[in-house]
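Heads up, the sequence shown is in our numbering, so the first residue is 17 and it goes up one at a time. For each residue, glycine too, the CB sits at the ideal point set by N, CA and C. Report on one structure; see the data block that follows.
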Amino acid sequence: MIITITKESLECFKHSWPCNGIPANVDGIAVYFDDNGDLVNYEAFDSTDTPIDLAENDNVDGLALSTLFDNAKNHHSTITDPQLVDTIRTY
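Structural data, given as structure tokens:
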């Protein structure tokens, strides 16, 4: 399952977790979970879809990211479009 965390959800989360350390230029995060719901990978990106490596940023709070990813997994919206190969999930 792939869930895209939107800029709006990121901003809301940042207000609730002020010391998150997620850089201001992150506009979204794609989070990948396996069939058991375990985190496989994630990719952060800016407004031009340029990747941002959060793993190399010592200021990012790992517990904040884990909480954000759990929130996305538990509260995402699902859009099903017969024209698409996969279902779109956003948070």
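Query: Rounded C-beta distance between residue 88 and residue 21? I'm assuming under 8 Å.; Result: 5 Å
Query: Of the choices 79, 105 and 91, whose alpha-carbon is the least far from that of residue 34?; Result: 79
Query: Return helix, strand or coil for residue 44, following the three-state DSSP convention.; Result: strand
Query: Does the distance from the CB of residue 50 to the CB of residue 56 come in under 9 Å?; Result: yes
Query: Can you have a look at residue 44 and say buried or exposed, based on whether 16 or more other CB atoms are within 10 angstroms of its CB?; Result: buried
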